[in-house]
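K.L.:
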Amino acid sequence: DEAKNYKNDFGRLDVQGCCWWGRGPLQSKGLCSMGKMNHYIGAKALADGRITRSTSGVYPDINFCTTPNKICETNSGDGKDTEDLRWTVAMFEFAEKVQRYSNSNWDYKQKLVEYVSGGMNLNEYYPFDLDHSFIHAVSSIVDRGCHNAPNCLPYVGEVTKLPQRREALTIALSALKIPKFREQQVIDTTLEYMKSSKSGFEETLLRYKRQGYSVLSERYRFDDFMDALSRMSQFSSPDHSPLYMGDPWMRGGH
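Residue numbering for the sequence shown follows the working numbering, starting at -15 and increasing by one per position.
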């Protein structure tokens, strides 16, 4: 809505040229968002001496308050492509608004650790009773300014397009091959633990009796066992699963 002013956390509507409709992947808008970008990576940062024209990752010629449309233009008018700018703006706002979010009831970094440790809700591992509370809270912070929509004052209301946000997260995790990455972590951790237990295996399991004495086996050796375990834990075919090494979506792999 081009006619709607967006209040900042202090209720200010004196926009000082900084009140625009949303721009970029996170729909950055308002005095605080545009002003902070201008302060740290835009024209004001250059004017105040916080950056120079040679500073990496900044946009000294863009005044985000007066020309936020630059975020979405194909190029900046001087021949320099600005397609990366829209992502820079989104990452800047995510770091500012979401990563730093913390109050007595909800801390982003703590909840992120819990979410990852709990399996990240991928349907492959959690076909029933999915817990969407983390993605709901993060979407609420981005869209409404607090983790508890629809009860985010003064922005009361539901998070827009919440089902699409959940779907987008699942697609992103799939594109990053997160399930395979976590599975490999469990395998690596298990193999390292087994290697650290080599002496125990050799002293109690890989032995046989010879003339009344317990002797270390020369046929069944620990290193050969570990080589086979490593191969079989990663072997798979359309009609044969790899050797089970633990569930990558449970705490500790168990």
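Every residue gets a Cβ at the ideal spot worked out from N, C-alpha and C, and that includes glycine. The structure presented is a predicted model; accordingly, all values stated were derived computationally and were not measured.
Shortest alpha-carbon distance to Ala152 belongs to which of Cys136, Ile55, Ile119?
P.N.:
Ile119
K.L.:
Can you tell me where the beta strand (DSSP E) holding Tyr197 begins and where it ends?
P.N.:
197 to 200
K.L.:
Quick one: what's Arg194 bridged to in DSSP?
P.N.:
Tyr197
K.L.:
If you follow the alpha helix (DSSP H) that Glu187 is in, where does it begin and where does it stop?
P.N.:
Looking at the DSSP string, the run of the alpha helix (DSSP H) that includes Glu187 is 182 to 188.
K.L.:
For the 8 Å Cβ check, are there 3 or more pairs between the region 17 to 30 and the region 45 to 59?
P.N.:
yes
K.L.:
When DSSP builds the beta bridges, which residues end up paired with Asp306?
P.N.:
The requested residue 306 is not part of the displayed model; the chain covers only -15 to 238.
K.L.:
What residue from Asp91, Arg150, Gln168 has the CA that sits closest to Cys130's CA?
P.N.:
Asp91
K.L.:
Once DSSP output is grouped into helix, strand and coil, what is the label at Glu57?
P.N.:
coil
K.L.:
Threshold first: 4 residues or longer. Then list the alpha helix (DSSP H) segments lying entirely within the region 118 to 187, N to C.
P.N.:
146 to 159, 162 to 180
K.L.:
Ignore the nearest five residues each way along the sequence and tell me which others in Val199's own chain have a CB closer than 8 Å to its CB.
P.N.:
Arg191, Tyr192, Lys193
K.L.:
In whole angstroms, give me the CA-to-CA distance for Cys56 and Glu167.
P.N.:
Roughly 39 Å separates the two Cα atoms.
K.L.:
Quick one: using the 10 Å Cβ neighbour count with 16 as the cut-off for buried, is Glu77 buried or exposed?
P.N.:
buried
K.L.:
Could you check if Tyr43 is buried or exposed, using at least 16 other CB atoms within 10 Å of its CB as the buried criterion?
P.N.:
buried
K.L.:
Using 7 Å as the threshold, is the C-beta distance between Leu227 and Ser217 below it?
P.N.:
yes
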